[in-house]
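Take a look at the structure set out below.
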Amino acid sequence: MKQQFTTTHQDHRVALLAALAISIHIIESAFPSPLPGIKPGLANVITLFTFIMYGWRTALQVSLLRVVISSLVLGTFLSPTFLLSLSGALLSLSSLILVQFLFRLLPISPPGAIGYAVVAAISHMSGQFFIAWYFFIPHPGLFKLLPIFITFAVILGIVSGIITQLIIKTIKSETT
Amino acid sequence: MQLEKILTLSKELLKPADILIMISAGLLSIWLYSFFWFDNNQQGKADTLLVQFAENLPQEYPLNQARLIKIQGHIGPSLIEIKQGKARFIHSACRNKFCVFHGWLSVSGDTSACLPNRISITLKGTRNQYDAIAGGQ
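Quick note, the sequences are listed as chains Y and W, same order. Under my numbering, the letters of the first sequence match residues 89 to 264, in that order. Under my numbering, the letters of the second sequence match residues 7 to 143, in that order.
Written out as structure tokens, the structure is:
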């Protein structure tokens, strides 16, 4: 029996964005990090971009694909690194959804890419931190590192937010 | 010219909600610094005193009842006092008395030792007593 396999425009979009995110993730993992635990997280730019342009469903697909496939390529699938990556990605996306929902209730216009990026970076970092603390190093001394991590998360979040905003601006000006 | 460009760009980039989020993120990190770096009370209360002599197993004493512990060390007796959830050396047979001058131990993880006498005391809470584990709970 011959089966017809059709793909939609949405599938193509997810595949393209996921491929971009995976490439960025893998290239980024080749560079050594200045401090253990702190990475620029440029792959999150793609997740953010997807979230702002196409909504959370597409962003969820893209970010899950990114986590699973790049861990397969890097050889960390189902390892602690994978668990950290997955928890960070899921928590950051769910807090993005939460923030979007909250700003719908508030009488302020929703945040742009920078606000979302800061929220994503902080929640990504704290999600990873709590998983690391709960499963791998359950020592109260670990919490002394949390302020440093969160500070870097805010700074790097602002940077990736600016990048995302510039990408969105460029794409919007090209399509119109 | 360059400055104007940057200013218009930043106006496009930043919405009020972004500024709100950034300010709260900054406040969050300041609060985290003050909470985890400059507050000693969050270190978990201690409820047990461990007294160890040489390679023997440490002996446990509850901190909630006052008592004097006399223990024979390597060069002579040491006297340890437990009072109001704190503990200290009040006498030791050693020469320098560093352990006595160290004063009260009150926070979980605090340690004082009399090296010549080979006696050490450590405060411990019932929770968070491991420093690393392999596998989940």
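Backbone N, C-alpha and C define an ideal beta-carbon position, used for all residues, glycine too.
Assuming contact is defined by CB atoms lying nearer than 9 Å, are residue i and residue j in contact in what I supplied?
i, j, result
"Ile75/W", "Glu61/W", "no"
"Asp116/W", "Ala72/W", "no"
"Leu136/Y", "Ser248/Y", "yes"
"Ser84/W", "His97/W", "yes"
"Leu181/Y", "Leu148/Y", "yes"
"Ala175/Y", "Gln216/Y", "The sequence shown places Ser at residue 175/Y, rather than the Ala named in the question. Contact flag set, yes."
"Thr252/Y", "Ile202/Y", "yes"
"Leu123/Y", "Ile236/Y", "yes"
"Val163/Y", "Asp24/W", "Reading the sequence as shown, one finds Gly at residue 163/Y and not Val. Not closer than 9 Å, so no."
"Cys100/W", "Gly82/W", "yes"
"Leu116/Y", "Gly125/Y", "Looking at the sequence shown, residue 116/Y is not Leu but Glu. Contact flag unset, no."
Compute the Euclidean distance between the alpha carbons of residue i and residue j, then round it to the nearest angstrom.
i, j, result
"Lys90/Y", "Asn132/Y", "40 Å"
"Gly109/W", "Tyr39/W", "28 Å"
"Pro262/Y", "Ile255/Y", "Checking the displayed sequence, the identity of residue 262/Y turns out to be Glu instead of Pro. When rounded, the distance between both Cα atoms is 11 Å."
"Leu178/Y", "Phe107/W", "52 Å"
"Phe198/Y", "Leu190/Y", "This sequence places Pro at residue 198/Y; Phe is not what is there. Answer to the nearest angstrom: the Cα atoms are 9 Å apart."
"Gln102/W", "Leu63/W", "According to the sequence provided, residue 102/W is Asn. The question's Gln does not apply to it. Each residue's alpha carbon lies about 26 Å from the other."
"Gln8/W", "Gly32/W", "28 Å"
"Gly143/Y", "Leu244/Y", "23 Å"
"Trp37/W", "Glu10/W", "35 Å"
"Phe240/Y", "Ser35/W", "10 Å"
"Thr264/Y", "Thr94/Y", "29 Å"
"Val57/W", "Leu234/Y", "33 Å"
"Ile12/W", "Gln92/Y", "53 Å"
"Ile112/Y", "Ile250/Y", "17 Å"
"Trp221/Y", "His212/Y", "14 Å"
"Thr96/Y", "Ser173/Y", "29 Å"
"Ile127/W", "Ile196/Y", "57 Å"
"Phe114/Y", "Pro122/W", "In the sequence as presented, Phe is not what sits at residue 114/Y; that position holds Ile. The alpha-carbon atoms of Ile114/Y and Pro122/W are separated by roughly 56 Å."
"Leu194/Y", "Ile29/W", "17 Å"
"Ala208/Y", "Gln90/W", "46 Å"
"Tyr204/Y", "Ala118/Y", "26 Å"
Looking only at its chain, what residues have a beta carbon closer than 8 Å to the beta carbon of residue i, apart from the 5 residues adjacent to it on each side?
i, result
"Thr54/W", "Glu66, Tyr67, Pro68, Leu69, Leu129, Lys130, Gly131, Thr132"
"Phe165/Y", "Val156, Ser159"
"Gln98/Y", "Thr146"
"Arg101/Y", "Tyr142, Thr146"
"Phe223/Y", "Pro168, Leu171"
"Lys92/W", "Leu69, Trp110, Leu111, Ser112"
"Thr258/Y", "none"
Starting from the C-beta of residue i, find all residues in its chain whose C-beta is less than 6 Å away, skip the five residues before and the five after it, and write them out in chain order.
i, result
"Ile110/Y", "Arg154, Ile157, Ser158"
"Lys127/Y", "Ser121"
"Thr6/W", "Outside the shown range of chain W, which is 7 to 143, sits residue 6/W, and nothing can be said about it."
"Ala107/Y", "none"
"Phe139/Y", "Ala147, Leu184"
"Val187/Y", "Val207"
So residue i packs on residue j, CB below 8 Å; how close in whole Å?
i, j, result
"Val161/Y", "Ile27/W", "Not really, about 33 Å apart at Cβ, beyond 8 Å."
"Ile210/Y", "Ile238/Y", "6 Å"
"Ser114/W", "Phe95/W", "Actually they do not touch by this definition, with Cβ atoms about 18 Å apart."
"Phe42/W", "Phe231/Y", "5 Å"
Give me, in chain order, the residues of the same chain whose beta-carbon lies closer than 7 Å to that of residue i; leave out the 5 immediate sequence neighbours on both sides.
i, result
"Phe59/W", "Ile77, Gly79, Arg124, Ile125"
"Ile134/Y", "Leu105, Leu108, Ala109, Ile112, Val150"
Review point. Is there contact between the stretch 17-26 of chain W and the stretch 214-233 of chain Y, where contact requires at least three CB pairs shorter than 8 Å?
Key: No, the stretch 17-26 of chain W does not touch the stretch 214-233 of chain Y.
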